[in-house]
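Trainee:
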Amino acid sequence: MTYTELSALLSGADAPVVLLEGTRELSVHKAPFLTALASHLARTFPHTRFRTGNAKGSDAAFAAGVAIVDATRLEFVIPYAGHRRRERPANSPATAMGDISPARVQEVVDATLAASPQYERVAVNYGKPKTHPRQRAAAQLILRDTLKVTGTDTMPPPVAGIFYVHAADPDRGGTGHTMRVCRARGVPVINQFQWLEWTF
0 MTYTELSALL SGADAPVVLL EGTRELSVHK APFLTALASH LARTFPHTRF RTGNAKGSDA
60 AFAAGVAIVD ATRLEFVIPY AGHRRRERPA NSPATAMGDI SPARVQEVVD ATLAASPQYE
120 RVAVNYGKPK THPRQRAAAQ LILRDTLKVT GTDTMPPPVA GIFYVHAADP DRGGTGHTMR
180 VCRARGVPVI NQFQWLEWTF
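Here the sequence shown is numbered in numbering that gives the first Met the number 0, starting from 0 and rising by one per residue.
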């Protein structure tokens, strides 16, 4: 997707949400590019909200750019209440896996398995009372990644996802999973090989 196409997409929507996230393996030399992009988008499209997962690395760099402009338009989807609380602006809304209904959890599990069947053992054990804490923590992380895309009744799905991926293996880990969920749901996926070429 070109910058012109993204601009048209955002300008034509009433209250769009853009997903911003990526690998934790972000060098200090690359972080300013993510922050600058997020800041530019937040300034240029003031009716747009931005959603991220509150992880170290790319998520944090993108979030910093939005927060510079307007932290109230920065949404965090987190695996559990209190996750990296000190790293989040106090006036940025946050939604945790524990905040959503059992029916919505099942929808998130189903979407997770459809996009990444390899996570079946982790995902299906999330709600079971005897699930090992380590397995539950892993499930919270991967389901959180799905929830960022599926949304809830009060948190609409994103219209686009902008990512900073691991260059050698873009589809690995939680970022790869999130991109698969986006593609499965028709959400355009934009990685740095595209957006670093943008001019605006």
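Yeah, the Cβ is synthetic: ideal placement off N, Cα and C, and Gly gets one too.
By a C-beta neighbour count over all protein chains shown, 10 Å radius and 16 as the cutoff for buried, is Asn53 buried or exposed?
Mentor: buried
Trainee: In angstroms with no decimal places, state the Cα-to-Cα distance between Ala136 and Glu4.
Mentor: 38 angstroms
Trainee: Pull the bridge partners of Ile189 from the DSSP assignment, please.
Mentor: Ile161
Trainee: Around the Cβ of Val164, are there at least 16 other Cβ atoms within 10 angstroms (buried) or fewer (exposed)?
Mentor: buried
Trainee: Check this for me: beta carbons of Ile141 and Thr111, under 8 angstroms apart or not?
Mentor: yes
Trainee: Alpha carbons only, please: which of Ser38, Ala183, Glu74 and Gln139 is nearest the one belonging to Arg50?
Mentor: The candidate whose alpha carbon is nearest that of Arg50 is Glu74.
Trainee: Could you say if the region 58-73 and the region 141-155 meet the contact criterion of at least three C-beta pairs nearer than 8 angstroms?
Mentor: No, the region 58-73 is not in contact with the region 141-155.
Trainee: Any contact of the region 21-35 with the region 163-178, i.e. 3+ C-beta pairs under 8 angstroms?
Mentor: yes
Trainee: Measuring alpha carbon to alpha carbon, tell me which of Gly185, Gln139, Gly11 and Ser91 ends up nearest His46.
Mentor: Measuring from the Cα of His46, the nearest candidate turns out to be Gly11.
Trainee: Would you kindly work out how many angstroms separate the C-alpha atoms of Arg120 and Ile189, rounded to a whole number?
Mentor: 29 angstroms
Trainee: From the DSSP output, which residues share a beta bridge with Ile77?
Mentor: Ala95
Trainee: From this set, Arg182, Pro187 and Phe44, which residue's C-alpha is nearest Ser115's C-alpha?
Mentor: Arg182
Trainee: Return yes when the Cβ of Tyr118 is within less than 8 angstroms of the Cβ of Ala95, no when it is not.
Mentor: no
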